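full-length UniProt numbering puts the first residue of the sequence shown at 1, with every later residue one more than the last.
Note that beta-carbon positions come from the ideal geometry of N, C-alpha and C, so glycine has one too.
Predicted model, so just to flag it, every value in this text is computed and none were measured.
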Amino acid sequence: MQFSIEKDQLLSGISAAERFIASKTTMPILSGIKFSAYGSSLELSATDLEMGIEYRLPAQIMEEGDAVISTKVFTDIARKLPQGPVMFRRKEGQITVEAGDFRLNMPVLEAGDFPEVVPPETKPILKFPKETFKNMVKQTIFARAEDSISRPVLTGELLEARNGRFHVVALDGFRIAWRWEEAEVPDFSVIVPGRALVELTRALSDAGEESFEIHTGRNRVVFCTENLVMATRVLEGKFIDYEQVVQVEPRITAVTKTDALLSSIERAFIVAREGNKNNLVKFRIGNNRMEVSAETEMGSVYEKVQCETSGDELVVAFNARFFIEALRSVEKPEIELKFAGEVGPCVIRPRNSENHINFILPVRLRSEDY
């Protein structure tokens, strides 16, 4: 194997691949990046067995071949190489890397022992705009469970196509974040680990194409662009009927400025987070205003937020962090909030928009708090 590649191209590939390397493993092969030089491109592959990536870069190939290079020393050295072309030559169990007057010799591992990253047989299920998908993930992924031993499926996000719509949904048992877009594609449903989607959105930021494809095969979901292939295992299980759950009968509805309510809750959160793990912030809604308050041993805050209301006056409390994360995901200047009651959920939508929904369960107040 012998090839030459520009340093900047090499670093872009290494930066994408190294995030998929196993951090702790008893298999030395998983601590490396597989370099495959064929045709007119160099492909870098990495996997931790849960998810993996193949990243294709333009390169000048003099002799085809492949090898696995340990990242422990190589990636740090690669970042400090002089600008310009970097030459790689493999001879038996060694790789020589040259850049300007610099030379590095390292042992390599056999590429034949490297695990499969992408299943050999997959079928395409969706082609979708890259930026729209990244935004859908950003607007929902915060609502997944960070750690759920009893229900690991909640640590992922549901990607689902039904009735001409593509849905992205996350939930943790206390809230739901749901985005959808029109998409004429066959119905499908997969649950993708949250960590994989975080890494995918990063990798897609480096991809130049405007769209990408989703494929499935052998308990894996595969995301593809012209130069990037990322695969991850799917999570087994089912989500609740989120579409039915968010259909609530409101006791009171409020319409207000997104930034005004967000700023008010953020200020109350500073006090609320000193109280208990629920980060409790209380809302009194009615008469075209919303009163936001929080009280702990560290002090108390109170603020009025102007809004348009319809329905019966209500006092209800929520976890401030849940509300903040939901409001930060809204890109419209005004929101509509439907409150179902003291022990019922709140459903948040951007005003005049149906395809972005947040659902949050309240914190039960004691009788003396009303």
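Measure the C-alpha to C-alpha separation of residue i and residue j and round it to an integer number of angstroms.
| i | j | result |
| --- | --- | --- |
| Arg79 | Gly13 | 12 Å |
| Arg267 | Val137 | 27 Å |
| Leu365 | Ala170 | 26 Å |
| Val271 | Leu42 | 53 Å |
| Gly32 | Ser40 | 23 Å |
| Ala17 | Ala177 | 30 Å |
| Asn287 | Glu313 | 7 Å |
| Thr96 | Pro82 | 16 Å |
| Ile335 | Arg351 | 5 Å |
| Phe188 | Glu243 | 16 Å |
| Gly217 | Leu159 | 15 Å |
| Glu50 | Gln94 | 29 Å |
| Arg289 | Lys304 | 7 Å |
| Ile29 | Lys91 | 19 Å |
| Asp147 | Lys277 | 16 Å |
| Thr155 | Pro333 | 30 Å |
| Phe359 | Gly52 | 33 Å |
| Thr201 | Asn135 | 9 Å |
| Phe174 | Ser15 | 36 Å |
| Leu104 | Phe74 | 9 Å |
| Arg151 | Arg233 | 16 Å |
| His215 | Met106 | 37 Å |
| Ala326 | Val229 | 31 Å |
| Arg144 | Phe223 | 20 Å |
| Pro186 | Glu199 | 26 Å |
| Glu213 | Lys24 | 31 Å |
| Asp241 | Glu209 | 34 Å |
Enumerate in chain order the residues of its own chain whose CB-to-CB distance from residue i is below 7 Å, with the five nearest sequence positions on each side excluded.
| i | result |
| --- | --- |
| Thr132 | Glu181 |
| Pro250 | Gly311, Lys338, Phe339, Ala340 |
| Leu197 | Val137, Ile141, Glu157 |
| Asp113 | Ile29 |
| Val292 | Ser264, Ile265, Ala268, Val281, Phe283, Glu303, Val305 |
| Asp48 | Phe20, Ile21, Ala22, Leu30 |
| Val248 | Lys338, Ala340, Gly344, Pro345, Val347 |
| Ser353 | Lys332 |
| residue 386 | Residue 386 lies beyond the stretch modelled for the chain, which goes from 1 to 370, so this question has no answer here. |
| Asp206 | Ser12, Ala16 |
With a Cβ-Cβ cutoff of 8 Å, do residue i and residue j count as a contact?
| i | j | result |
| --- | --- | --- |
| Pro362 | Phe318 | yes |
| Ala260 | Val118 | no |
| Thr211 | Pro129 | According to the sequence provided, residue 211 is Ser. The question's Thr does not apply to it. Yes, Cβ-Cβ distance for Ser211 and Pro129 is below 8 Å. |
| Glu342 | Ala254 | no |
| Leu126 | Phe166 | yes |
| Ala111 | Ala67 | yes |
| Thr225 | Gln306 | no |
| Ile69 | Phe35 | yes |
| Val245 | Ile357 | no |
| Met62 | Phe102 | no |
| Leu262 | Arg328 | yes |
| Gly65 | Lys7 | no |
Using C-beta distances below 8 Å, list every residue in its chain close to residue i, excluding the 5 sequence neighbours before and after it, in chain order.
| i | result |
| --- | --- |
| Val153 | Ile191, Leu235, Glu236, Gly237, Lys238, Phe239 |
| Leu57 | Ile5, Gln9, Leu10, Ser12, Gly13, Ser41, Leu42, Glu43, Leu44, Asn227 |
| Phe269 | Asn279, Val281, Ala294, Ala320, Arg321, Ile324 |
Determine the closest residue to residue i out of the options, with distance taken between C-alpha atoms.
| i | options | result |
| --- | --- | --- |
| Thr296 | Ser310, Asn287, Asn279, Asp312 | Asn279 |
| Arg89 | Ile77, Val108, Asp76, Lys72 | Val108 |
| Thr122 | Ala145, Asp147, Val221 | Val221 |
| Ala37 | Tyr55, Leu30, Ile29 | Tyr55 |
| Gly275 | Val292, Met298, Ser264 | Met298 |
| Tyr302 | Glu308, Arg284, Ala22 | Arg284 |
| Met1 | Asp48, Pro333, Lys7, Gln60 | Gln60 |
| Ala99 | Ala111, Met106, Val86 | Val86 |
| Glu184 | Met27, Glu116, Arg162 | Arg162 |
| residue 377 | Gly164, Gly194, Pro186 | Lying outside 1 to 370, the shown extent of the chain, residue 377 is not represented and no answer is given. |
| Val315 | Asn355, Ile252, Ala326 | Ile252 |
| Pro115 | Ala46, Arg144, Asn219, Gly164 | Ala46 |
| Val168 | Ala145, Gln139, Pro186 | Gln139 |
| Pro120 | Ser300, Glu213, Asn219 | Asn219 |
Could you tell me if the beta carbon of residue i falls within a distance shorter than 7 Å of some heavy atom in the ligand SAM?
| i | result |
| --- | --- |
| Ile29 | Of the ligands one can find in the structure shown there are none, so the ligand SAM has no counterpart to examine. |
Excluding the 5 residues preceding and the 5 following residue i in the sequence, name in chain order all residues of the same chain whose CB lies nearer than 6 Å to its CB.
| i | result |
| --- | --- |
| Val330 | Thr258, Pro350 |
| Lys72 | none |
| Thr26 | none |
| Arg273 | Asn279 |
| residue 431 | This structure does not reach residue 431, given that the chain is present from 1 up to 370, and the question cannot be answered. |
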